[in-house]
Amino acid sequence: MAKAPSPSEAQRKPRLAESVIEALRADIVGGRLALGTQLPTEPGLIERFGVSRTVIREALAELRAAGLVDARQGKGVFVVDDLPGQEMRLSTEEQRSIPKTLEMLEFRVAIETEAAALAAVRRSSAQEYEIRAANEVMADLVAEKAPTSKADFDFHLAIARATNNSYYLSAMQSFGPQAIPRSNLPNLASSRSETYLSQVVEEHGRIADAISGQDPQGARATMREHIEKSQERHRALARNLRKEGG
């Protein structure tokens with residue numbers, strides 16, 4: 001049976017992550033890491049700070065939640081092109097919505113991973129087209145710097161429709177666009193960079209590829225990864241807000 005960490009060990013990990021966060025934040029704000037440039041690799045950061053991979057990943061998740069860096073699939077982590085200003089500050093109502101957002105994401109993992117797997121098995125050619133078309137609409141909106149929450153939801157709704165199971169479709173319809181976290185956090189949504197939203201489109205594309213390829217395991221895994229990344233970002237955001245509140 002694994003030994004539970006001692007109280008001192010449990011307290012040490014957050015302090016380590018905090019020191020990494022503050023050092024990288026200072027590098028970014030101070031211009032030592034210029035806008036749009038790539039951060040050192042994970043092994044490089046581990047060597048620099050002398051901490052574990054888990055600590056580095058926790059620190060990067062918090063920096064993503066703060067709107068300072070973006071992770072690009074297969075490329076690494078980059079400083080955002082524009083640092084968030086005061087407009088990124090969340091209203092009291094938005095801050096209160098975060099626990100509900102996390103509950104919604106937790107429920108969506110359970111529902112949508114299986115919906116994606118079923119869609120891979122049952123989708124028609126027309127439904128496959130609808131899924132891809134929804135993601136293309138979102139890609140166009142990202143390029144135009146227009147709101148994307150509804151298009152994002154339409155992509156997930158198209159997958160629910162492709163299950164050919166009325167209960168999955170009804171569940172997604174009952175959520176509405178509020179299922180997309182950005183719709184509940186307009187100040188945070190306004191700070192989301194084009195790079196971040198393009199990454200969401202890429203994640204959608206991998207889900208669509210698995211569904212098109214009639215690969216239920218791949219569809220399930222890519223959908224789970226997609227929603228769990230959102231969970232990670234919003235958990236980190238909640239931790240940041242708790243720290244700011246003392």
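Residue numbering for the sequence shown follows this note's numbering, beginning at 1 and increasing consecutively. Virtual Cβ for every residue (Gly too), placed ideally from N, Cα, C. Keep in mind the model is a prediction, meaning the values are calculated, not measured.
Fully enclosed beta strand (DSSP E) runs of no fewer than 3 residues occupy 69 to 72, 76 to 79 of the region 62 to 149, in order along the chain. Excluding its 5 nearest sequence neighbours in each direction, K150 has C-beta neighbours in its own chain below 7 angstroms: P177, listed in chain order. Counting along the chain, the unbroken alpha helix (DSSP H) around P43 starts and ends at 42 to 49. Separation of L157 and I131 (C-alpha to C-alpha, rounded to the nearest whole angstrom) is 9 angstroms. Between the region 197 to 205 and the region 24 to 32, the count of C-beta pairs closer than 8 angstroms stays below three; the two stretches do not touch. DSSP, read as helix, strand or coil, puts Q199 in helix.
Cβ atoms of F78 and T195 come within 8 angstroms of each other, at about 7 angstroms. Between I159 and A126, the CB-CB gap reaches or exceeds 8 angstroms. The criterion of a C-beta distance shorter than 8 angstroms is satisfied by V80 and L35. Under the DSSP assignment, N164 falls outside any alpha helix (DSSP H); it carries neither an H nor an E label.
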